[in-house]
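Chemist:
Protein chains in written order, with the working numbering: chain A, 1 to 597; chain B, 598 to 949.
1) Determine the burial state of residue 842/B: buried for a count of at least 16 other Cβ atoms within 10 Å of its Cβ, exposed for fewer.
2) Go to residue 331/A, then tell me how far its beta strand (DSSP E) extends in each direction, as first and last residue.
3) Classify residue 232/A as buried or exposed, calling it buried when 16 or more other Cβ atoms lie within 10 Å of its own Cβ.
4) Name the two residues that bound the continuous beta strand (DSSP E) containing residue 252/A.
5) Does any residue of chain B have a CB that is nearer than 7 Å to the CB of residue 455/A?
6) From the DSSP output, in three-state form, read off residue 148/A for me.
7) May I ask you to list, following chain order, the residues of the segment 717–729 of chain B that have a beta carbon less than 9 Å from some beta carbon of chain A?
8) Is the distance from the Cβ of residue 166/A to the Cβ of residue 182/A below 7 Å?
9) Do you know whose CA, among 758/B, 932/B, 917/B, lies nearest residue 795/B's CA?
10) In chain A, which residues lie with their C-beta within 7 Å of the C-beta of residue 699/B?
11) Using C-beta distances below 6 Å, list every residue in its chain close to residue 656/B, excluding the 5 sequence neighbours before and after it, in chain order.
12) Would residue 837/B count as contacting chain A if we go by Cβ distances under 7 Å?
13) Buried or exposed, going by whether 16 or more other CB atoms sit within 10 Å of the CB of residue 12/A?
14) My output table needs one value for residue 575/A: the three-state DSSP class, helix, strand or coil.
15) Is it buried or exposed for residue 532/A, if we count other Cβ within 10 angstroms and need 16 for buried?
16) According to the Cβ coordinates, are residue 134/A and residue 382/A closer than 7 Å?
17) Would residue 399/A and residue 318/A be called neighbours here (beta carbons separated by less than 7 Å)?
18) With 16 other CB atoms within 10 Å as the buried threshold, where does residue 486/A fall?
19) At which residues does the beta strand (DSSP E) containing residue 749/B begin and terminate?
20) Distance cutoff 7 Å, beta carbons only. Does residue 878/B sit that close to anything in chain A?
21) Grouping DSSP H, G and I as helix and E and B as strand, with all else coil, what is residue 809/B?
22) Got a sec? Which residues, its chain only, sit under 8 Å from residue 597/A by beta carbon, not counting five neighbours each side?
23) The beta strand (DSSP E) spanning residue 759/B covers which residue range?
24) For a cutoff of 7 Å on Cβ pairs, would you count residue 266/A as touching chain B?
25) Using a Cβ-Cβ distance under 7 Å, would residue 478/A count as near chain B?
26) If you measure from the beta carbon of residue 822/B to each beta carbon in chain A, is any gap under 7 Å?
27) List, in chain order, every chain B residue whose beta-carbon is nearer than 8 Å to that of residue 320/A.
28) Do the segment 472–483 of chain A and the segment 242–252 of chain A meet, that is, are 3 or more Cβ pairs less than 8 Å apart?
29) Report the three-state DSSP secondary structure of residue 371/A (helix, strand or coil).
30) Less than 8 Å between the CB atoms is what I'm expecting for residue 388/A and residue 401/A, so what's the real figure, rounded?
31) Starting from the beta carbon of residue 419/A, find every residue of chain B whose beta carbon is closer than 8 Å, and list them in chain order.
32) Decide if residue 25/A is buried, meaning its Cβ has at least 16 other Cβ atoms within 10 Å, or exposed.
33) So, do the segment 369–376 of chain A and the segment 439–454 of chain A have three or more beta carbon pairs nearer to each other than 8 Å?
34) Looking at the C-beta of residue 937/B, does it have a partner C-beta in chain A at a distance below 7 Å?
35) Quick one: which chain A residues come within Cβ less than 8 Å of residue 948/B?
36) Contact check, residue 360/A vs residue 132/A under 8 Å by CB: the rounded distance?
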């Protein structure tokens, strides 16, 4: 610390008075005493959720500013603002006021662009944060409820983003709304009525922008704010999860204090996120609505693209085959209904239910505060990779026209390729990812038993080359040893004392089968005995080599041969592997075995 | 099959099919210790700490100066000044400088705080215990007892009639909302079935509203059109509702190229008139390939063959593009023979 540090007299004095006053009325000292030294574990991936939180704050700030100037009205006006190319054009007040914000309000365009960039970042950060939580198993007990809140936040964030970029009433956003209206209209039985109620009559009407506005600035942000608060309170109360590592257990939390370290780090990170989005707003044009023109249902721009987080839904609409049924005076548009409503509905439901499904399959209802390394849960990791593949393919589908024009490909071929790959590729990715995880597990086991490869090649006096292995550090060891290996749940068919076999329901069978699928293959973790043996063996080998070398340097090339230790090529190789070949990649069998209860 | 509940003490549950959860998941391997802390340069060298102090302060000074620069830029850079920035191209000077100044200022404040935290604040990790969330058996028993007492005091279980009517009343409350929401919009009625097109309605170009004669449309050409009465209707209604249904496109091909139409003699000398609104989800279709007579919707790439009764040849749309029968009036201008013979635009439940 610097030598000229002096007590900051007046600040301490005033702060002390305020604190004293607050404590006498609210008892804040009790709260501070318990919380100011709260520990949070440190990892870069824990900052993803922070980015989402900070983008939300930036959205509130910039959004409030924009609301001071934006007129959410579809009343038609003739534009006479600063943007000359649209002078005298008929447009809605919403669009005209967006032009005013962009051209006549100083800093208005900046706030608009920062708002839009933050929105893109908000959904992106939530999505990547979700991946982190999924692949590390952070959703497990006791955090299932927070997972559900997270899924709710993601859904609302997507809706909020769509509502936001639909407000300016430009040609692009109006086209998006037209699509949304077509989707609502496709709902069986109530669709037409729902559309007329939502739009205040036929599309586009004059009611929708004002209605969407209140949804965008009050209803959804209000719910978002409430859910974010609940999300954070739960993290606070349940304490953050941590990655496995030295000294970290299920029963402790290892990290730095909230005050001052995270106050500075997280507070500073807010400024960095804010700063980066403002720089983006300065240098990267986003949603230049003046180039699209005002919305009219008779026109459209080629290459219409939604914001990135709507891309997968648009892609689903694009690649869906044209199935439609018409009978008894009614039309059922599966071609719209399925990709736009049913498929996302199923996916989000599965996403929300995943923690409960996994819990049921594993039978593990214990608390988990140590995160999984994705490789240690190959099936979950495979399922996640499969879902991401599906999503990315749909997302590519959303840009099929752009891909076709940029790479001179046939749009029909791209669409057909996607229709096939959407079904074929995700399972392939699942299998490959699972194999990768198992291979990584094997590598971990290998490292634990034989140490890591040092890259140092030594030539022994006998002429053979060996690579020296060194035991992994204690930190590495703690990390590699983390994680639980499960046995599949087996059907309980053991007869009771009267020789009557227990009743096995269909659900039991399904669960056993799913459990076998889930834990079908995994590489056994070394036991303490194996670790000891491995360490002992390595040490022995090392000692053997050392003796050989020493003997060689002393002029007795075969000096070590007599003690029965490695000078044959077989044993030399054993340093790497062969010695433990029996356990090498030992795989726990998938077949459900009866177990005792 | 029994699930494994939390034993609460880290020990395996009898009959558990899962290994116990310890630090390593393996109880016989001793738990690891926290790694040894290596002091940073700033911990041992006061000069290094002073250097970091200066760096952090410099970042904060930028945070003080940038708002001042921002003010000056706000006042002195004209709103409409456009500058050419390398890579970015022509851009608003005001937006560029205001944003850059503000962004850099905010970034530096953040970077300063983090630099300070990482270099000068303690970097020794500490350990705290987690506490079980579950209440003790005693807590639970007390809670249950208090709840039962309250229930008993309220008489909720005793007074059956109160209980049932209360549940009924609560279930009925949302019914207040339904009629209130009803006036959000009118009933659809026949609105989706009819358009402004009628017998003798002139076909005029979109935007400029010029009537067209057959000679105005070359072979291979495409013209976006609307009914002649649309502008007046739009002025009167103040909305674009009719504009969302009535746009059409006129295309002309050699009569021999027309394989099929939706009705006999619905063309006029090879001029065909189709709805412009996609039968998928209602985007205006606009991309036409004259050689193949294919009309492509830019939103989801549904492709219609206009030489073959507007048939769908690719994409998610399920129905052919509706055709409008046309002819010419006494002055030789293109007019509709009638309204569309089917609803235009996306499908809906009552469409039939």
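Note that CB positions come from ideal geometry on N, CA and C, so glycine has one too.
Modeler: Judging by the given coordinates:
1) Taking the second chain and counting its residues from 1, the one referred to as residue 842/B is at position 245. By the neighbour-count criterion, in which 16 or more other beta carbons inside 10 Å mark a residue as buried, residue 842/B falls on the buried side.
2) Within the first chain, residue 331/A is the residue found at index 331, counting from 1. Membership of residue 331/A in the beta strand (DSSP E) is indicated by the continuous run 330–332.
3) Counted from its first residue, the first chain places residue 232/A at position 232. Around the CB of residue 232/A, fewer than 16 other CB atoms lie within 10 Å, so the residue is classed as exposed.
4) Translated into the one-based positions of the first chain, residue 252/A becomes position 252. Note, residue 252/A: beta strand (DSSP E), 252–257.
5) Here the question's residue 455/A lines up with position 455 in the first chain. Taking Cβ atoms only, chain B never reaches closer than 7 Å to residue 455/A, which makes this a no.
6) Locating residue 148/A in the first chain gives position 148, counting from the first residue. Helix.
7) From the segment 717–729 of chain B, only 717, 718, 719, 720, 721, 722, 723, 724, 725, 726, 727, 728, 729 have a Cβ closer than 9 Å to chain A.
8) Taking the first residue of the first chain as 1, we reach residue 166/A at position 166. Taking the first residue of the first chain as 1, we reach residue 182/A at position 182. Taking 7 Å as the Cβ cut-off, residue 166/A and residue 182/A do not qualify as a contacting pair.
9) Walking along the second chain from the start, residue 795/B turns up at place 198. The shortest Cα separation from residue 795/B among 758/B, 932/B, 917/B belongs to 932/B.
10) Within the second chain, the letter at position 102 stands for residue 699/B. Here the neighbours are 278.
11) Position 59 of the second chain, counted from the first residue, corresponds to residue 656/B. Cβ contact annotation for residue 656/B (same chain, cutoff 6 Å, sequence separation greater than five): 705, 708, 709, in chain order.
12) Start at 1 with the first residue of the second chain, and residue 837/B comes out as number 240. Contact of residue 837/B with chain A is assigned, a C-beta pair being separated by under 7 Å.
13) As a position in the first chain, residue 12/A is number 12, starting the count at 1. Counting Cβ neighbours within 10 Å, residue 12/A comes out exposed, since fewer than 16 surround it.
14) Residue 575/A sits at position 575 when you count from the first residue of the first chain. For residue 575/A, the predicted model reports a pLDDT of 39, less than 50, meaning its position is unreliable; a value from the coordinates is still stated below. Taken through DSSP and simplified to helix, strand or coil, residue 575/A comes out as coil.
15) Sequence index remark: in the first chain, residue 532/A carries index 532 (1-based). Under this definition residue 532/A is an exposed residue.
16) Within the first chain, the letter at position 134 stands for residue 134/A. Within the first chain, the letter at position 382 stands for residue 382/A. Residue 382/A is positioned such that its CB atom lies no closer than 7 Å to that of residue 134/A.
17) Taking the first residue of the first chain as position 1, residue 399/A is located at position 399. Taking the first residue of the first chain as position 1, residue 318/A is located at position 318. A distance of 7 Å or more separates the beta carbons of residue 399/A and residue 318/A.
18) Along the first chain, one-based indexing puts residue 486/A at 486. Buried, because 16 or more other Cβ atoms sit within 10 Å of the Cβ of residue 486/A.
19) Residue numbering aside, residue 749/B sits at position 152 when the second chain is read from its first letter. In the DSSP assignment, residue 749/B falls outside any beta strand (DSSP E) and within the unbroken alpha helix (DSSP H) covering 734–751.
20) Within the second chain, the letter at position 281 stands for residue 878/B. Taking Cβ atoms only, chain A reaches closer than 7 Å to residue 878/B, which makes this a yes.
21) On the second chain, position 212 is the one that residue 809/B refers to. Residue 809/B falls in the coil class under three-state DSSP.
22) Within the first chain, the letter at position 597 stands for residue 597/A. Per-residue confidence for residue 597/A stands at a pLDDT of 34, beneath the threshold of 50, marking its modelled position as unreliable; no derived number is given.
23) By one-based count along the second chain, residue 759/B stands at place 162. No beta strand (DSSP E) holds residue 759/B; the alpha helix (DSSP H) holding it covers 757–769.
24) The residue labelled residue 266/A in the question sits at position 266 within the first chain. By the rule that beta-carbons nearer than 7 Å mark a contact, residue 266/A does not touch chain B.
25) Locating residue 478/A in the first chain gives position 478, counting from the first residue. At least one CB of chain B lies nearer than 7 Å to the CB of residue 478/A.
26) Along the second chain, read from residue 1 onward, the residue named residue 822/B stands at position 225. Cβ-Cβ to chain A under 7 Å: no for residue 822/B.
27) Within the first chain, numbered from 1, the residue matching residue 320/A stands at position 320. Those are 913, listed as they occur along chain B.
28) Cβ pair count under 8 Å is three or more, so yes.
29) Translated into positions along the first chain, residue 371/A becomes position 371. Coil at residue 371/A, not helix or strand.
30) Taking the first residue of the first chain as position 1, residue 388/A is located at position 388. Taking the first residue of the first chain as position 1, residue 401/A is located at position 401. Contact annotation, residue 388/A with residue 401/A: C-beta distance approximately 23 Å; criterion of less than 8 Å not satisfied.
31) As a working note, residue 419/A is residue 419 in the first chain. Within chain B, no residue has its CB atom less than 8 Å from the CB of residue 419/A, the nearest being about 11 Å off.
32) Here residue 25/A is taken as the residue at index 25 of the first chain, counted from 1. With fewer than 16 other Cβ atoms within 10 Å, it is exposed.
33) Judged by Cβ distances under 8 Å, the segment 369–376 of chain A makes contact with the segment 439–454 of chain A, as three or more pairs qualify.
34) Counting from 1 along the second chain, the entry for residue 937/B is found at position 340. It does not; no Cβ of chain A falls within 7 Å.
35) Here residue 948/B corresponds to residue number 351 of the second chain, with the count starting at 1. Near residue 948/B (Cβ distances below 8 Å), the residues of chain A are 326, 330, 331.
36) On the first chain, residue 360/A is found 360 positions in, with the first residue counted as 1. On the first chain, residue 132/A is found 132 positions in, with the first residue counted as 1. About 23 Å separates the two Cβ atoms, so there is no contact after all.
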